[in-house]
Amino acid sequence: MASQQNGTGYQPPQMSRPKRPPTGDEEASQTLRLGEFQDVPSLSLSEARYVINAVTTSRKESGKKPADSETLLKVQEYLEMFSRYKEQEPVQTLEQLFNQTNLDKFERSQLGSLCPDDFEEAMALIPSLQGKIEEKELTDLLNEMKDLRKFAT
87 MASQQNGTGY QPPQMSRPKR PPTGDEEASQ TLRLGEFQDV PSLSLSEARY VINAVTTSRK
147 ESGKKPADSE TLLKVQEYLE MFSRYKEQEP VQTLEQLFNQ TNLDKFERSQ LGSLCPDDFE
207 EAMALIPSLQ GKIEEKELTD LLNEMKDLRK FAT
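In the numbering used here, each number is its position in the sequence shown, counted from 1, plus 86.
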């Protein structure tokens with residue numbers, strides 16, 4: 087017989103922290119609505135890889151115990167596998183290219199991580215680019231990104 091409390095069925099204790107209710111203002115479609123993350127800088131996978139590796143190296147060199155948690159190691163493995171630009175120079179060059187555009191930080195990080203092949207693919211993957219950048223400008227940017235990947239390998 088199931089335990090009954092106040093006429094309702096037994097509710098097991100909550101094993102994880104409660105989720106915040108969705109605010110409904112987060113959407114990455116034709117209109118970017120990132121809620122509380124709207125003006126927060128975002129990183130491409132290559133930038134995140136560079137930052138995490140730099141912090142880890144700095145900690146090792148300063149004699150501090152590196153935080154080699156299982157999670158950190160898995161994140162580093164993931165970034166090593168999926169980041170498109172492995173060296174510092176192409177990451178910095180890419181940032182300079184993006185600074186010449188009028189794109190949001192989120193769109194820049196998405197372009198840097200996804201590396202679409204052409205204008206149509208970029209528009210399909212990042213719909214908020216529509217109306218922000220001309221086809222020729224985006225195509226030129228994507229071609230420069232491809233060149234950076236070729237020379238970086």
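The beta-carbon is built from N, C-alpha and C at its ideal position, and this holds for glycine as well.
Here the structure is a predicted model, which means the values were calculated and not measured.
Item	Value
Buried versus exposed call for Ala153 [16 or more other C-beta atoms within 10 Å across all chains shown]	exposed
Meets three-Cβ-pair contact criterion under 8 Å: the stretch 129 to 141 and the stretch 168 to 187	yes
Leu224 vs Ala210 beta-carbon contact at 8 Å	no
Cβ pair Leu183, Leu227 closer than 8 Å	yes
Through-space distance from Ser195 to Asn185, alpha-carbon basis	12 Å
Buried versus exposed, by CB contacts within 10 Å (16 or more), Phe168	exposed
Per-residue DSSP class, three states only, for Val161	helix
Rounded straight-line distance, which links the Cα of Glu156 to that of Lys191	29 Å
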